[in-house]
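Participant: Sharing a structure with you now.
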Amino acid sequence: MQEQIVRIGLAGLGTVGGGLAEILRNNAEWIQKRIGKRIQIAKVLVRDLDKDRDVPPPPEAELTNSIEGLVRDPDLDIVVELIGGEEAAYRLISMALEEGKSVVTANKALLAEHGPELFQLAAERGAGLAFEASVAGGVPIVKTLKDSLAGNRIKSLTGILNGTDNYILSEMTSRGISFQEALEKAQELGYAEADPSLDVDGYDAAHKLTVLIRLASGKDYPYAELPVHGIRGIEAYDIDWAKAFGYQIKLIAQVKDRSGSLQAGVFPALIPEEDMLAKVDGPFNAVLLEGDAVGPIMLYGQGAGDLPTGSAVLSDIMDLAGSCSGASNSGFVNSAMERADILPAELTVCRHYFRFTVQDRPGVLSVLSGIMGEHNISIAQVVQKQEQNGEAVPVVFLTHAAQLKDVHNALAEIDKLSFIKARTRHHRIL
Ligand code: NAP
Ligand code: HSE
Numbered sequence: 005m006q007e008q009i010v011r012i013g014l015a016g017l018g019t020v021g022g023g024l025a026e027i028l029r030n031n032a033e034w035i036q037k038r039i040g041k042r043i044q045i046a047k048v049l050v051r052d053l054d055k056d057r058d059v060p061p062p063p064e065a066e067l068t069n070s071i072e073g074l075v076r077d078p079d080l081d082i083v084v085e086l087i088g089g090e091e092a093a094y095r096l097i098s099m100a101l102e103e104g105k106s107v108v109t110a111n112k113a114l115l116a117e118h119g120p121e122l123f124q125l126a127a128e129r130g131a132g133l134a135f136e137a138s139v140a141g142g143v144p145i146v147k148t149l150k151d152s153l154a155g156n157r158i159k160s161l162t163g164i165l166n167g168t169d170n171y172i173l174s175e176m177t178s179r180g181i182s183f184q185e186a187l188e189k190a191q192e193l194g195y196a197e198a199d200p201s202l203d204v205d206g207y208d209a210a211h212k213l214t215v216l217i218r219l220a221s222g223k224d225y226p227y228a229e230l231p232v233h234g235i236r237g238i239e240a241y242d243i244d245w246a247k248a249f250g251y252q253i254k255l256i257a258q259v260k261d262r263s264g265s266l267q268a269g270v271f272p273a274l275i276p277e278e279d280m281l282a283k284v285d286g287p288f289n290a291v292l293l294e295g296d297a298v299g300p301i302m303l304y305g306q307g308a309g310d311l312p313t314g315s316a317v318l319s320d321i322m323d324l325a326g327s328c329s330g331a332s333n334s335g336f337v338n339s340a341m342e343r344a345d346i347l348p349a350e351l352t353v354c355r356h357y358f359r360f361t362v363q364d365r366p367g368v369l370s371v372l373s374g375i376m377g378e379h380n381i382s383i384a385q386v387v388q389k390q391e392q393n394g395e396a397v398p399v400v401f402l403t404h405a406a407q408l409k410d411v412h413n414a415l416a417e418i419d420k421l422s423f424i425k426a427r428t429r430h431h432r433i434l
């Protein structure tokens, strides 16, 4: 019998493209056993044709720097977009779908901004658009939501979705190194985005959350409307205080279904040490889901890096190579998604952590707790640390559940007081 070959046009031979090429080389026989076809990288698109590469293109592959040259090649069966960014990737993917070619992408930024229109285009052209690697690297969260939990209504989803940020926070917590040092290490290890502000300012996690909200709710929550706070403002001080109270600080991406309206956001939060999410360290990612039938489920694994992410890309390629059907790219029969009913983040009710920097003088604590009380915020714990030098001292409050709106109003009042010596640090407690 003649060998069946699936020809891949691979756009991008960087961290993820290189990882994919390596897995395809190492596991070629195994893959063929699974799908009965050989997957061949037939053409590779890069920016710089002369670059020395750690992972060279496969010997049989043609190298090009022309997007059209890749996408319009009639001998290619599937296009794999791993160039990142938005403009060129958008052009490449829409052109491939227009041609009726199925596409695999890891590009969460593009999907967050343009997902609905690309799914629409794929549906019109009967092409596949697969994106397992776009969220949580090697963790199979997309297929879990699309397939394994397809019959569940998802009541809540809480994720650690950015490996770089989790690595930075873990290194700051366990080794006491600075934010900058930890970020540089994350970049060296290939976890960070080309523009690391996407990671540290929370936008990468927000891109991934936008993709997951669609899969979990069947609604489109526009990325631009998602409240996003990153980890740039977190200081060693807060990490130490959180530890002293029995918490770990993590960057959390969360959506909750509140009677059909969605409350979502990306924010740093204190997680009780005994919770499973608090134990997710280094570049690892995790997603904790609550389905109405299945109950709680947690997925955990490597959220970034060449082989874990390449593994997710390959699973999509193998699915498409097996079926090449574009019927359910988005996970829903109707690919035109209704807009979500969005609940303002200000209505979120949770516990809170505050670190005030105050002048150490009589009456300060009573003023602070008075303002809190006026804003319906009930205090659970207070600690003041005596400093030997200098007149400013940190005072940490942990509160009972209070509404975010009340917290912001109280903080606006407190930060104007003359005895407050630095901007108050505030984080949610999960
Ligand atoms: P990368 O290491 O920067 O590699 C990008 C590759 O694309 C390079 O080979 C580059 O060519 C090529 N390229 C970029 N722009 C191009 C253009 N306009 N035309 C032709 N070629 C172009 O990126 P990466 O880390 O592999 O990330 C790729 C995608 O995967 C991104 O969407 C990223 O968000 C996503 N992702 C990454 C990870 C991760 O762990 N890194 C995890 C999950 C998802 P040259 O080599 O010639 O410069
Ligand atoms: N920069 C991303 C992260 C890569 O650190 O999680 C994986 O999407």
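Okay, so the sequence shown: first residue is 5 according to the numbering used here, each after it adds one.
Ideal Cβ positions, reconstructed from N, Cα and C, are used throughout, including at glycine.
Which parts of the stretch 374 to 412 are runs of the beta strand (DSSP E), unbroken and 3 residues or longer, counting only runs that do not cross its ends?
Facilitator: 383 to 388, 396 to 403
Participant: So, for residue 265: in the same chain, excluding its five sequence neighbours on each side, which residues have a beta-carbon less than 6 Å away from its beta-carbon?
Facilitator: 345, 347
Participant: Tell whether a beta-carbon distance below 8 Å holds between residue 108 and residue 324.
Facilitator: yes
Participant: Considering residue 104, what are the terminal residues of the alpha helix (DSSP H) in which it resides?
Facilitator: Here residue 104 belongs to no alpha helix (DSSP H), and DSSP marks it neither H nor E.
Participant: Have a look at residue 11 and residue 110 and give me their C-alpha separation to the nearest angstrom.
Facilitator: 19 Å
Participant: Determine the direct distance from the alpha carbon of residue 244 to that of residue 331, and round the result to whole angstroms.
Facilitator: A caution first: residue 331 carries a pLDDT of 47, below 50, which makes its placement in the model unreliable, though a value can still be read off. A direct Cα-to-Cα measurement between residue 331 and residue 244 gives close to 50 Å.
Participant: Between residue 358 and residue 170, what straight-line distance do the alpha-carbon atoms span, to the nearest angstrom?
Facilitator: 21 Å
Participant: Buried or exposed, going by whether 16 or more other CB atoms sit within 10 Å of the CB of residue 299?
Facilitator: exposed
Participant: Return yes when the C-beta of residue 2 is under 7 Å from any heavy atom of the ligand NAP, and no when it is not.
Facilitator: Nothing about residue 2 can be read from this structure; the chain reaches only from 5 to 434.
Participant: So the alpha helix (DSSP H) residue 168 belongs to, where does it begin and stop?
Facilitator: 167 to 179
Participant: If the criterion is Cβ atoms closer than 8 Å, does the pair residue 311 and residue 145 meet it?
Facilitator: no
Participant: Is it a yes or a no for the stretch 160 to 170 touching the stretch 283 to 297, going by three-plus beta-carbon pairs under 8 Å?
Facilitator: yes
Participant: For a test of the three-state rule: what should DSSP assign to residue 357, helix, strand or coil?
Facilitator: Collapsing the DSSP output to three states places residue 357 in a strand.
Participant: Give me the DSSP bridge partner(s) of residue 50.
Facilitator: Residue 50 pairs with nothing; no bridge assigned.
Participant: If you run the structure through DSSP and keep just helix, strand and coil, what is residue 247?
Facilitator: helix
Participant: Using 10 angstroms around the beta-carbon of residue 208, count the other beta-carbons present and answer buried if the total reaches 16, otherwise exposed.
Facilitator: buried
Participant: Could you tell me the alpha carbon to alpha carbon distance between residue 151 and residue 316, rounded to whole angstroms?
Facilitator: 15 Å
Participant: If we count the other Cβ atoms within 10 Å of its Cβ and call it buried at 16 or more, is residue 9 buried or exposed?
Facilitator: exposed
Participant: What is the C-beta distance between residue 217 and residue 259, in whole angstroms, given that I count them as a contact (C-beta under 8 Å)?
Facilitator: Correct: roughly 5 Å between the Cβ atoms.
Participant: So, does the stretch 44 to 52 touch the stretch 73 to 93, judging by three or more C-beta pairs under 8 Å?
Facilitator: yes
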